[in-house]
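When we follow UniProt numbering, the leftmost residue of the sequence shown carries the number 1, and every step to the right adds one.
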Amino acid sequence: MYTLKVTRTGTLQVSALVDYLSSTSANAVFGGKEEVIQALNVVMGYYPKDSEHIANVGTNKHFFINPPDVEKWDLTGGLEVLRGFFGSVRAATARILLNVQISNVAVFAEGPLPRVMMSFFQSYGHSMGKLDRFLKSVRVQLTHMKKVGSDGREVLPIKTILGVATIDDGRGMKNKPRVQRVGAGPKDVTFYKEPNADDEMLGANTSSTAGAYVSVFEFFRDIRKITLENPDLPVVNIGSRERPIYLPPDVCIVLPGQAPNMTLSTTQTQQMIKFAVRRPALNAKSINTKGAQILGASQPANSTLAGFGLAVQPGLITVPGRVLQGPQVRYKSVGRDARPPTNPNSGSWNLQRNQFSVAKPLKNWACLWIQKRDTSLPWPDAETLSSQALDPFIRQLKQLGMTVDQPLIHICPDDFERSIEEHIASVLQFKPSLQLIFFILPVVSSIYSRIKYLCDVKWGVHSICVVAGKFAKERNCHLLQNPAWRLWAKQPPATRLPRKTSLRVPRRRLQEGAVQTPSLNEGTCPLLQKGLPASPIPRRQAGHRKEASRAPSRIIIRRPRRQQHAAFFGLPRPPPPTASFNPRNGTVVDRAVTDARNWDFFLQAHTPLHGTARPGHYYPVYDEIFRSSVVKPSLARLTGGIGANVADAVEALTHNMCYLFGRATKSVSVCRRRIMRIWSVRGLGVI
C-alpha cells in the first residue's frame with residue numbers, strides 16, 4: 001500500500017500561452033508552454049475516456065464501439081479494425097489548434113468467444129500454443145453470472161483471460177486439476193469440488209458432486225443448468241497458473257476495443273489497408289463530423305470543456321502552402337551511351353531509354369523458385385521459367401547497362417521454413433561465391449522475413465524476392481523495373497550512383513546520412529569499417545538524426561518525422577490539387593500550423609498511389625552550411641531563383657533528396673536516409 005500526497009504547485013494560465021504565441025517580440029519568453037499544452041490535452045481527452053461508448057487505445061486515440069457511430073471491418077483470425085480519431089492540442093502562430101486525424105487500430109473481434117476462437121482456427125490452424133498467446137489478457141464478460149448494480153441494472157462481471165488450460169495448472173494445490181492436454185475442452189478438464197465450498201465463480205454452494213472430481217462440462221450441465229453448445233473448444237483460465245479458474249468459451253463475450261499484442265498476418269494487413277485507405281474528401285468529412293463528436297468538441301460543448309471555459313471552433317483551417325519544383329533526374333550522362341535528363345511527372349518516372357551510371361557485372365547468381373503444395377504453378381518446369389520469365393528480365397537488365405549471365409535455377413518443392421533453409425544451404429554449398437540469390441515466392445507470407453534473416457544475417461548473401469504471380473505476368477518494362485532496381489542496389493557501395501539530380505551545393509561535396517555515429521574515442525565498428533569506401537571526409541553533411549555528434553566537417557541536422565498526425569487536403573482552386581484532392585507532390589507548409597519561433601516545416605514530396613497523403617515533418621535543429629557567408633550567394637540556384645533565403649534552400653534541398661531513394665523510380669515521403677535508418681533499427685531486433 002502506498003500513500004500519495006498531492007501538492008499544489010501553481011496555476012496554469014492559458015491566456016499567457018496565447019499572449020506568447022501572439023507576441024511580435026522576438027525576445028518573448030514563456031516557460032510554461034509544455035505544461036499548458038499537456039493540461040489542455042488532459043482536459044480534451046477526459047470526455048472520450050469517460051464515455052462508455054468510446055474505446056481508448058494508446059495515447060490520445062479514441063474509437064466508437066457502439067452503433068450507429070462505430071466503423072469496423074473484419075480482419076479474419078479473430079481480429080477486426082476500428083476507425084477512430086487521434087486528437088491533440090498544438091501551439092501555432094498566434095493561436096492554439098486542436099489537431100484531429102483519422103486513426104485505425106486492429107482489435108479483438110467483439111462478440112461470443114467461440115466465434116473468435118473459430119475465426120482464429122481458420123486463419124492459424126489448431127495450434128493451442130498460438131491460441132494461448134492470442135487470448136492472453138483478453139477481457140470478457142461472463143453471461144452465466146448476472147448481478148444487479150446499485151442503479152438496479154443487470155451487470156455482467158468482467159474477467160481477464162490468462163490463457164487456455166495446461167497440464168501444469170495448479171501445481172502447488174493439494175487437489176490439482178486434471179488437464180489431459182494443453183487446450184483441452186470442458187469434457188477433458190476436471191477439477192476437485194470441495195464439500196460445502198462457496199464457489200462464487202462457478203457454481204452453487206452445495207452439490208451432489210462435492211468432495212469429488214467433476215468435469216467443467218458436467219458442472220455447467222448439472223449445477224448451472226447450462227448445456228454447452230461447443231464442448232470441443234478449449235476452456236479458458238481466468239485465474240492464475242497456481243489457482244486456475246476454468247470457464248467454457250460459451251459463457252464468455254469478448255469486450256470491444258481491445259488491441260492485441262501481436263503482428264498482423266499478411267492477409268490481415270491487406271484487409272487493414274483496404275479499410276484504412278480512403279480518399280481525402282471522405283477523411284475530411286469524417287474529421288469535421290465524427291472527429292469533433294468523439295472529442296466532445298461539437299456544439300454544444302461537453303460539460304468538461306464548458307467548466308474550464310474552453311470552446312473549439314469546429315472545421316478545418318486553411319493554411320498557405322507552396323509547391324516546389326522537382327529536380328531533373330539524370331542517369332548515365334557521360335560516355336557513348338549518355339542519356340538526356342528525365343523530368344519526373346508527379347514525382348514519378350520510368351527507366352525507359354535510361355541506363356545506370358555505373359553497374360558491375362552480375363556473373364554468379366542463382367534463382368530459387370519456392371513452390372507451394374496444392375497450388376497451381378505459373379510455369380510447368382524450370383526451362384519454361386527461364387524462357388518466359390528470367391530471359392526477359394535479363395534482357396531488361398542489359399538494357400539498363402548491366403552485364404548479366406544466366407543464373408543457376410534451383411526448385412524448392414514446398415514453402416516450409418526448414419525446407420527453405422536446407423535448399424539455400426544446398427545452393428550456397430554448390431556455389432559458395434554467389435553474389436545474389438533471386439527468390440520467386442508463391443505468395444506474400446512470413447517466409448519473406450525468414451529468407452531475409454537467413455541471407456542477410458546468417459549467410460551474408462544478397463537476396464531479392466518477387467511473387468510468382470506478378471513475375472509471370474505479360475512482360476513489360478514497368479513490371480521489371482522494380483526488381484531491376486533492387487538487383488542493382490545490391491551492388492557494392494562504390495557503384496551506388498543511380499542518378500544525379502539538380503542538387504547544386506557549392507564546393508562540390510555534400511554527403512547525406514542518418515546513422516548515429518560513435519564519439520571520437522569509440523572508433524568505428526570493424527564490420528562497418530570493412531565495408532566503408534576509402535574516400536575523404538566530405539566538406540558538408542546533411543544529416544537526419546535525433547542526436548548530434550562531433551564531426552570535422554560542416555553539418556546541418558534535421559529531425560524528420562514520418563509517423564506524425566498531420567495531413568493537408570487540396571482546395572479546388574489554382575494551383576489545382578491532384579484528382580484525389582491530395583496536394584501536389586512538392587507541397588511545403590511552413591507557416592500557420594507551425595510555431596513562428598521554431599524552424600520546422602511539413603513537406604509532401606511524394607504522390608500517393610491510394611488514399612490520403614501524409615507529409616513528412618522536418619525540424620532543423622543545427623545548421624553550419626546554409627548560414628555560411630560562402631554558401632549564401634549560391635542559394636538562389638538551389639531554390640530555382642527564389643532568392644538567398646536559408647529556409648527556402650533547406651526545404652528545396654530536402655525535397656530534392658526525396659528523389660534519391662535507390663529502390664524505386666519515385667520520390668518518397670521522407671528523405672531516403674531516414675527510411676534506411678528505420679529499416680536498420682527494425683533489423684537490429686533480428687540481428
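Positions of the beta carbon are idealized from the N, C-alpha and C atoms, including for glycine.
- Put simply, the stretch 418-433 does not touch the stretch 382-391. Fewer than three CB pairs are less than 8 Å apart.
- If you look at Lys-61, you'll find it isn't in any alpha helix (DSSP H); it sits in the beta strand (DSSP E) that goes 61-64.
- Taking 9 Å as the cut-off, the Cβ atoms of Leu-351 and Trp-459 do not count as close.
- Excluding five sequence positions before and after Val-36, the CB atoms of its chain that fall closer than 8 Å to its own CB belong to Leu-12, Gln-13, Val-14, Ala-16, Leu-17, given in chain order.
- Within the stretch 339-416, the runs of beta strand (DSSP E) at least 3 residues long that lie entirely inside it are, in chain order, 365-370, 408-412.
- Taking C-beta atoms as the reference points, Ile-420 and Gln-406 fail to come closer than 9 Å.
- Under the three-state reduction of DSSP output, Cys-455 falls in the helix class.
- Across the set Ala-605, Asp-600, His-606, the C-alpha of Asp-600 shows the shortest separation from the C-alpha of Tyr-622.
- Rounded to the nearest whole angstrom, the CA to CA distance from Ile-245 to Phe-217 is 14 Å.
- In the DSSP assignment, Val-140 forms a beta bridge with Lys-159, Val-254.
- Burial check for Arg-418: the Cβ neighbour count within 10 Å stays below 16, so the residue is exposed.
- Taking a cut-off of 8 Å for Cβ pairs, the stretch 655-672 and the stretch 610-619 touch, as three or more such pairs fall below it.
- Asp-381 and Met-402 have their C-alpha atoms some 27 Å from each other.
- Per DSSP, reduced to three states, the secondary structure at Val-89 is strand.
- In this structure, the alpha-carbon of Gly-10 lies about 11 Å from that of Gly-32.
- As DSSP reads the structure, Phe-438 sits in a beta bridge with Cys-367, Ile-464.
- Cα atoms of Lys-452 and His-462: separation of roughly 9 Å, rounded to the nearest angstrom.
- Ser-445 is positioned such that its CB atom lies no closer than 9 Å to that of Thr-263.
- For Phe-568, the CB contacts under 6 Å within the same chain, skipping 5 residues up- and downstream, are Pro-583 in chain order.
- Under the three-state reduction of DSSP output, Ala-55 falls in the strand class.
- Inter-residue distance for Asp-50 and Asn-41 is about 14 Å (C-alpha atoms, whole angstroms).
- Within the model, the alpha-carbon separation for Gly-257 versus Ala-301 is close to 25 Å.
- Within the same chain, Cβ atoms closer than 7 Å to the Cβ of Met-128 are found at Val-164, Val-182, Gly-183, Pro-234, the five residues on either side in sequence being excluded.
- With fewer than three CB-CB distances shorter than 8 Å, the stretch 164-180 does not count as touching the stretch 282-294.
- For Pro-620, the enclosing beta strand (DSSP E) has its first and last residue at 616-623.
- In the structure shown, Thr-607 falls within a coil segment according to DSSP collapsed to helix, strand and coil.
- Taking all protein chains in view, the Cβ of Ala-55 is crowded by 16 or more other Cβ atoms within 10 Å, so the residue is classified as buried.
- Listed as beta-bridge partners of Gly-152 by DSSP are no residues whatsoever.
- By the Cβ criterion, the stretch 73-82 is in contact with the stretch 268-279, since at least three pairs of Cβ atoms, one from each stretch, lie closer than 8 Å.
- DSSP places Arg-115 inside the alpha helix (DSSP H), whose first and last residues are 113-124.
- Taking Pro-442 as the centre and dropping the five residues before and after it, the same chain places the C-beta of Ile-370, Gln-371, Lys-372, Thr-375, Asp-415, Ala-468 closer than 7 Å to its C-beta, in chain order.
- Note that the stretch 105-117 does not touch the stretch 148-156; fewer than 3 beta-carbon pairs, one per stretch, sit closer than 8 Å.
- In this structure Phe-85 is in contact with Ile-102, their Cβ atoms being roughly 6 Å apart against a cut-off of 8 Å.
- Shown here, Ser-215 sits in a strand according to DSSP, grouped into three states.
- Where Val-107 is concerned, the enclosing beta strand (DSSP E) starts and stops at 95-108.
- In the DSSP secondary-structure assignment, Lys-72 is bridged to Leu-82.
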